[in-house]
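Asker: Please read through the structure below; I'll follow up with questions.
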Amino acid sequence: MSNIQRIMEERVFEIDKIAKFDPEKPQKNYFYETDKTVGAVWCLEPGQEVYLHSHSNVDDMWVCMEGTGTYFPDLENEIQISKGMVILAKPNQIHGMRNTGKDRFLFVGFAAGSLPMDITRY
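Take the sequence shown: its letters are residues 9 to 130, numbered as in our numbering.
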């Protein structure tokens, strides 16, 4: 294997090839993980959601790539989000997402900190 092929396999990722949707439940498609960072492509059909939760040991960043949805930054508020928006949840900050659009919703998530990340559901 050439050096450029190895770089492509280890450091260049194609979202369209990673993304997998399921009509029954949201999909979290991991594409990268180390002891400090994890990356995943989230795929939500209309009406599907990522439950409200928090992590005490990582920053969680979501980059909206396709569709529209509602972001829950806490237990009381909602923010309408769409393609091109970036969302950050610092340690212990509640976050969740729902596809409130008519089309598929796709966002890329990155968590950085002390892995494995813990999770508290709300």
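From the three backbone atoms N, C-alpha and C, an ideal C-beta is built for every residue, glycine too.
If you measure between the beta carbons of V46 and V116, is that distance less than 7 Å?
Answerer: Their beta carbons are not under 7 Å apart, which means V46 does not touch V116 by this criterion.
Asker: Are three or more beta carbon pairs between the region 30 to 39 and the region 95 to 103 nearer than 8 Å?
Answerer: no
Asker: For M105, count the other beta carbons within 10 Å of its own beta carbon; 16 or more makes it buried, fewer makes it exposed. Which is it?
Answerer: buried
Asker: Hey, M73 and L123: beta-carbon distance below 7 Å or not?
Answerer: Note that the C-beta distance between M73 and L123 is not below 7 Å.
Asker: Spatial neighbours of V58 within its chain, please: C-beta separation below 7 Å, excluding the five flanking residues on both sides.
Answerer: P34, W50, G104 and M105
Asker: Roughly how many whole angstroms lie between the Cα atoms of D82 and H61?
Answerer: 9 Å
Asker: Using three-state DSSP, classify I87 as helix, strand or coil.
Answerer: strand
Asker: N85: which of W70, G75 and Q101 sits nearest, CA to CA?
Answerer: Q101
Asker: Do you know whose CA, among A27, S64 and F29, lies nearest D126's CA?
Answerer: S64
Asker: Excluding the five sequence neighbours on either side, which residues of its own chain have a C-beta within less than 6 Å of the C-beta of I89, listed in chain order?
Answerer: Cβ-Cβ distances below 6 Å link I89 to C72, G77 and Y79 in the same chain, with the five nearest sequence neighbours on each side left out; the list follows chain order.
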